[in-house]
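Here the sequence shown is numbered in numbering that gives the first Met the number 0, starting from 0 and rising by one per residue.
Where is the CB? At the ideal position from N, CA and C, for every residue including glycine.
Here's the structure, in structure tokens; my notes come after.
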Amino acid sequence: MVNWPGLAARSLTLSIRRCPRGVNTRVPRQCYITLLHVTKYCSGMLHPVTPEISNLEQIAKDQWHSLAAASNDRHHAWHTPTLANVGEGIAQLRTVVLRSADPATRILSCHTDSRSPKVIQLAEDSKFSWHFYDRDAKIQLRAYGNAWTHQGDALARQRWQDGAWRSAQCYRTPLAPGQSCMEADLDINAPVDPVTGEEHFVVLACEIDQFDWLFLRVEGHRRARFLWEAGRWQGDWIAP
């Protein structure tokens with residue numbers, strides 16, 4: 000039994016992939032914990048399992064809180080969303096890593112290669128969509144906005160220096176993403192260092208002006224649409 004104070008009591012059994020910090024570090028990776036409170040606690044962050052479902056203003060705030068948390072927590076369900084756009088006449092979807100989420104500016108960002116198709120397609124149509132789903136919380140979020148890139152500027156240089164280069168071996172390949180090649184060309188033997196590859200590193204930023212929130216529940220799903228108008232999020236209930 001785990002008791003975390005400060006939350007409304009309700010018995011719930013959760014299956015989580017990573018055990019909570021500070022509870023029992025010797026518990027197996029796949030573990031089942033009976034909670035007295037409706038909360039999943041991973042990597043030191045609180046994440047509500049039963050969200051606010053009536054107050055539209057609070058729902059909007061909660062989504063941005065979760066997005067900000069996800070950008071800093073690789074175990075968060077929203078850390079690897081699906082990013083979508085239209086290119087070559089069809090929908091293009093790919094999984095990315097959410098690198099930042101700023102409620103004040105409404106900007107989400109990820110990292111990519113300047114030679115990737117999505118960067119080329121962005122020049123023709125800047126509209127991008129993000130899809131997030133939290134299986135435990137039963138929440139789906141779809142966010143929409145216009146995107147642009149940062150390459151070689153202060154933000155891109157800062158992200159690279161902050162550590163993007165450590166996992167950016169793919170930026171060092173002479174091959175562009177999606178380019179035909181031989182199997183032998185897929186191995187990258189270049190050393191991992193902060194010098195090479197930065198010329199292909201891009202921060203893709205997207206200013207969100209609309210999002211769609213869906214909460215799944217037996218008693219009836221809840222869905223709301225939010226538009227950024229007059230300097231604030233305006234929410235309306237819509238049929239699931």
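Nearest by alpha-carbon distance to residue i: which of the options is it?
{"i": "Trp-232", "options": "Ile-58, Gly-177, Ile-52 and Asn-71", "result": "Ile-58"}
{"i": "Gly-196", "options": "Ala-163, Arg-222, Cys-180 and Arg-141", "result": "Ala-163"}
{"i": "Glu-51", "options": "Leu-215, Glu-228, Ile-187 and Trp-227", "result": "Leu-215"}
{"i": "Trp-129", "options": "Val-96, Ala-136 and Asp-112", "result": "Val-96"}
{"i": "Thr-148", "options": "Ala-136, His-110 and Asn-54", "result": "His-110"}
{"i": "Asp-152", "options": "Asp-186, Glu-123, Pro-173 and His-199", "result": "His-199"}
{"i": "Cys-169", "options": "Asp-184, Asp-161 and Pro-80", "result": "Asp-184"}
{"i": "Ile-237", "options": "Glu-228, Ala-229, Gly-219 and Gly-230", "result": "Gly-219"}
{"i": "Val-217", "options": "Ala-83, Ala-229 and Pro-239", "result": "Pro-239"}
{"i": "Arg-158", "options": "Met-181, Glu-182, Ser-108 and Ala-136", "result": "Ser-108"}
{"i": "Gly-230", "options": "Ala-103, Ile-89 and Lys-137", "result": "Ala-103"}
Taking 6 Å as the limit between beta carbons, can you name the residues of its chain near residue i, skipping five residues before and five after?
{"i": "Gln-139", "result": "Tyr-132 and Leu-213"}
{"i": "Arg-105", "result": "Glu-206 and Ile-207"}
{"i": "Arg-16", "result": "For Arg-16, the pLDDT reaches just 41, beneath the cut-off of 50, and the residue's location in the model is therefore unreliable, leaving the point undetermined."}
{"i": "Pro-47", "result": "Caution is warranted here: a pLDDT of 45 is assigned to Pro-47, below 50, making its placement in the model unreliable, and no coordinate value can be reported."}
{"i": "Pro-27", "result": "No answer about Pro-27 holds up, because its pLDDT of 44 lies below 50 and its placement is not dependable."}
{"i": "Asn-54", "result": "none"}
{"i": "Asp-101", "result": "none"}
Using DSSP's beta-bridge definition, name the partner residues of residue i.
{"i": "Glu-228", "result": "Arg-231"}
{"i": "Asp-263", "result": "This structure cannot settle anything about residue 263, because the visible part of the chain is limited to 0 through 239."}
{"i": "Gln-91", "result": "Asn-84"}
{"i": "Ser-108", "result": "Ser-99 and Ala-204"}
{"i": "Lys-126", "result": "Asn-145"}
{"i": "Tyr-132", "result": "Gln-139"}
{"i": "Trp-164", "result": "Trp-164 is not bridged to any residue."}
{"i": "Trp-236", "result": "Ala-223"}
Should residue i and residue j be called a contact, given that it needs their Cβ atoms to be closer than 8 Å?
{"i": "Ala-67", "j": "Arg-134", "result": "no"}
{"i": "Arg-224", "j": "Asp-235", "result": "yes"}
{"i": "Ser-125", "j": "Ser-99", "result": "no"}
{"i": "Ala-155", "j": "Val-201", "result": "yes"}
{"i": "Gln-120", "j": "Gly-144", "result": "no"}
{"i": "Arg-141", "j": "Asp-61", "result": "no"}
{"i": "Ala-122", "j": "Ala-204", "result": "no"}
{"i": "His-78", "j": "Asp-72", "result": "yes"}
{"i": "Leu-82", "j": "Phe-127", "result": "yes"}
Here's a check: name, in chain order, each residue in its chain whose Cβ is nearer than 7 Å to the Cβ of residue i, leaving out the five neighbours to either side.
{"i": "Thr-24", "result": "At Thr-24 the pLDDT is 40, less than 50, meaning the model places this residue with poor confidence and gives no usable figure here."}
{"i": "Pro-80", "result": "Val-95, Leu-97, Trp-129, His-130 and Phe-131"}
{"i": "Arg-171", "result": "Ile-187, Ala-189, Thr-195 and Gly-196"}
{"i": "Ala-90", "result": "Ala-83"}
{"i": "Pro-173", "result": "none"}
Just to confirm my understanding: we take residue i, look at its own chain, exclude 5 residues before and 5 after, and list those with CB closer than 8 Å. What are they?
{"i": "Gln-150", "result": "Ser-113, Phe-200, Val-201 and Val-202"}
{"i": "Trp-227", "result": "Arg-105, Ile-207, Asp-208, Gln-209 and Gln-233"}
{"i": "Glu-56", "result": "Trp-232 and Gly-234"}
How about residue i: is its Cβ closer than 7 Å to a heavy atom in the ligand ADP?
{"i": "Gln-150", "result": "This structure lacks the ligand ADP; in fact it carries no ligand of any kind."}
Problem set entry | Three CB pairs or more closer than 8 Å across the segment 108–119 and the segment 165–184 | The segment 108–119 vs the segment 165–184: in contact.
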